[in-house]
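Visitor:
In the UniProt record's numbering, the protein residues as written are 1 to 106.
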């Protein structure tokens, strides 16, 4: 069974802002490295590298956290993450969008 997920309009707007701020590469690293299918086993909280949430400007960190949260994973500044509502498909869609934007903007 194939299940697809689409990005919301809000996510697309946040991706556009991320592209303008040139932070897509760091966002891609966060999603690729730490937000994987294994992270969502049992919907238990997990941890991400808080260094990947460190941006030159506080707004960029907030933008990234909002983007990931719209995909179903609530991130905290300390690197703790809580998946909600089996978010794997939504996070996979976010990964594909970040990957494509990073490739096209690089």
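C-beta: ideal position from N, C-alpha, C; glycine also.
1) Counting along the chain, where does the beta strand (DSSP E) carrying residue 80 start and finish?
2) Residues in its own chain within less than 8 Å of residue 15 by CB, not counting five upstream and five downstream?
3) Beta-carbon separation of residue 22 and residue 90 under 9 Å?
4) I'd like the span of the beta strand (DSSP E) that includes residue 31, first residue to last.
5) Since residue 110 contacts residue 72 with CB under 8 Å, what's their CB separation in whole angstroms?
Guide: From the atom records:
1) For the purposes of this step, residue 80 is identified with residue 80 of the chain shown, where counting begins at 1. Looking at the DSSP string, the run of the beta strand (DSSP E) that includes residue 80 is 80 to 83.
2) Along the chain shown, read from residue 1 onward, the residue named residue 15 stands at position 15. For residue 15, where only same-chain residues beyond five positions count, the Cβ hits under 8 Å are 7, 24, 67, 97, 98 and 101.
3) Translated into positions along the chain shown, residue 22 becomes position 22. Translated into positions along the chain shown, residue 90 becomes position 90. Contact flag unset, no.
4) Counting from one through the chain shown, the residue named residue 31 turns up at place 31. From DSSP, residue 31 is part of no beta strand (DSSP E) but of the alpha helix (DSSP H) over 24 to 34.
5) Since the displayed the chain opens at 1 and closes at 106, residue 110 lies outside it and no answer follows.
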